[in-house]
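Engineer: What follows is a structure written as structure tokens; I'll ask about it next.
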Amino acid sequence: MKEDGYNDYFMAGAVLIAAAALVLTIAYFTNRGDLTSATLVLSGIASFVGGVFLLTLSKGEPFDPSYVGALPAAGTINLSRVASDLGLMGDGVYLPHESTRPPLQFIPAGAYHGATIKKDFSFATDDGSEGLVFLPMGLPLLEQLKQDASLMIPTEERDLLLCIQEVCSDVLEVAEKTVAERSGDAIVVTLEKFRLLSCCTAVRAESPKCCTMVGCPVCSLVACILAEGFQKACTLSNVQVDEGRGHLTLVYSFPA
314 MKEDGYNDYF
324 MAGAVLIAAA
334 ALVLTIAYFT
344 NRGDLTSATL
354 VLSGIASFVG
364 GVFLLTLSKG
374 EPFDPSYVGA
384 LPAAGTINLS
394 RVASDLGLMG
404 DGVYLPHEST
414 RPPLQFIPAG
424 AYHGATIKKD
434 FSFATDDGSE
444 GLVFLPMGLP
454 LLEQLKQDAS
464 LMIPTEERDL
474 LLCIQEVCSD
484 VLEVAEKTVA
494 ERSGDAIVVT
504 LEKFRLLSCC
514 TAVRAESPKC
524 CTMVGCPVCS
534 LVACILAEGF
544 QKACTLSNVQ
554 VDEGRGHLTL
564 VYSFPA
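So the number in my numbering is just where the residue sits in the sequence shown, counting from 1, plus 313.
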């Protein structure tokens, strides 16, 4: 089953071709043979050519964002359930890469007070740092951006926030506009007209805690960028969804 729709290019092209047909019909039946008729004929031909050009651009989206957004929802939900069943209640902490390990995400049992991460272990068991350790959902996307788009993570805050805006709106095009700004000790990222909002809806239907504990690939990607840029632990502490306007607001904090 496929649902077809008409985009702006199709509608504009159809209107131009219809207008061309109307103008040429009028010129034919009036048959005045003067400058006015010649102008109508030229206008009709120009409208027809413009309409055909727009129709060539009328192909719809290669993927429906509402379907694509639902793809990672189950992974986020399942990992959140596993963490919850293990008795972990803290928000996910994104740890920047070190010389001996890649960027990691850590879900503590409670409040975060640091973590002792052992190589190739999925659990941190030292006193005071018990929790689940795994690769962030957004890490594969970050690595692909570095490889294919030559993404370099700046260390200056102004450039780092600009980097997030460009990645989300210009490179990935998951939002019509991205605003990243500092608010006190936190960084607030607003994705306006977020195209993958279906993922947020599915995940939050399970529990809003899934967002802050594990996160979807886009939210996780932003956290990975912030953790690498600032070279310190980062956590997604709050998520607000405006389904009416399609806006997603992410609040990132930096535990001591």
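Yeah, the Cβ is synthetic: ideal placement off N, Cα and C, and Gly gets one too.
Pick helix, strand or coil for residue 412, following the three-state DSSP scheme.
Structural biologist: Residue 412: coil per DSSP, three-state reduction.
Engineer: Work out the CA separation of residue 324 and residue 347 for me, nearest whole Å.
Structural biologist: Each residue's Cα considered, the two are about 33 Å apart.
Engineer: Who are the Cβ neighbours of residue 428 in its own chain at under 6 Å, not counting the five residues just before and after it?
Structural biologist: 419, 437 and 442.
Engineer: Please identify the residue among 421, 424 and 448 whose C-alpha is closest to the C-alpha of residue 432.
Structural biologist: Considering only alpha carbons, the answer is 448.
Engineer: Check for me: the beta strand (DSSP E) holding residue 565 runs from which residue to which?
Structural biologist: Element bounds for residue 565: 560-566.
Engineer: What is the rounded straight-line gap between the Cα of residue 390 and the Cα of residue 471?
Structural biologist: If you take the alpha carbons of residue 390 and residue 471, they lie about 33 Å apart.
Engineer: Kindly confirm or deny that the region 539-552 and the region 403-412 touch, where touching means at least three C-beta pairs closer than 8 Å.
Structural biologist: Short answer: they touch.
Engineer: Across which residues does DSSP place residue 555 in a beta bridge pair?
Structural biologist: Answer is 560, bridged to residue 555.
Engineer: Quick one: Cα of residue 464 to Cα of residue 534, how far?
Structural biologist: Answer to the nearest angstrom: the Cα atoms are 13 Å apart.
Engineer: So, for residue 396: in the same chain, excluding its five sequence neighbours on each side, which residues have a beta-carbon less than 8 Å away from its beta-carbon?
Structural biologist: If we look at residue 396 and ignore the five residues flanking it on each side, its Cβ neighbours are 420, 445, 526 and 527.
Engineer: Helix, strand or coil for residue 314 per DSSP?
Structural biologist: Only weak support exists for where residue 314 lies, its pLDDT of 36 falling under 50; the value from the coordinates is given anyway. DSSP places residue 314 in coil when its eight states are reduced to three.
Engineer: Under a three-way DSSP split, which group does residue 421 fall into?
Structural biologist: Of the three classes helix, strand and coil, the one that applies to residue 421 here is strand, per DSSP.
Engineer: Return the bridge partner residues of residue 500 from the DSSP annotation.
Structural biologist: 495 and 565.
Engineer: Let's test the definition: count the other Cβ atoms within 10 Å of the Cβ of residue 497 and tell me whether it reaches 16, buried, or not, exposed.
Structural biologist: Exposed, because fewer than 16 other Cβ atoms sit within 10 Å of the Cβ of residue 497.
Engineer: Can you give me the C-alpha to C-alpha distance between residue 326 and residue 564, rounded to a whole angstrom?
Structural biologist: Approximately 42 Å, taken between the alpha carbons.
Engineer: So, residue 385 versus residue 530, is the Cβ gap smaller than 9 Å?
Structural biologist: Yes, these two residues count as a Cβ contact at 9 Å.
Engineer: Rounded to a whole number of angstroms, what is the C-alpha to C-alpha distance between residue 340 and residue 360?
Structural biologist: Going by the C-alpha atoms only, they are around 14 Å apart.
Engineer: Thinking residue 503 and residue 560 are a contact (beta carbons under 8 Å), I'd like their distance in whole angstroms, please.
Structural biologist: Going by Cβ atoms, the distance from residue 503 to residue 560 rounds to 6 Å, so yes, they are a contact pair.
Engineer: Just how far apart, CA to CA, sit residue 495 and residue 411?
Structural biologist: Roughly 26 Å between the two C-alpha positions.
Engineer: Quick test of your reading: residue 482 and residue 491, contact by CB under 8 Å. State the CB separation rounded to the nearest angstrom.
Structural biologist: Confirmed, Cβ separation roughly 4 Å.
Engineer: Just how far apart, CA to CA, sit residue 566 and residue 380?
Structural biologist: Those two C-alpha atoms are separated by around 30 Å.
Engineer: Out of 329, 453, 334 and 336, which one is the CA nearest neighbour of residue 365?
Structural biologist: The residue with the shortest Cα to Cα distance from residue 365 is 329.
Engineer: Compute the distance between the beta-carbons of residue 552 and residue 537, then report whether it is under 9 Å.
Structural biologist: Not closer than 9 Å, so no.
Engineer: Let me know the secondary structure DSSP gives residue 382 once reduced to three states.
Structural biologist: Looking at residue 382 - three-state DSSP - the assignment turns out to be helix.
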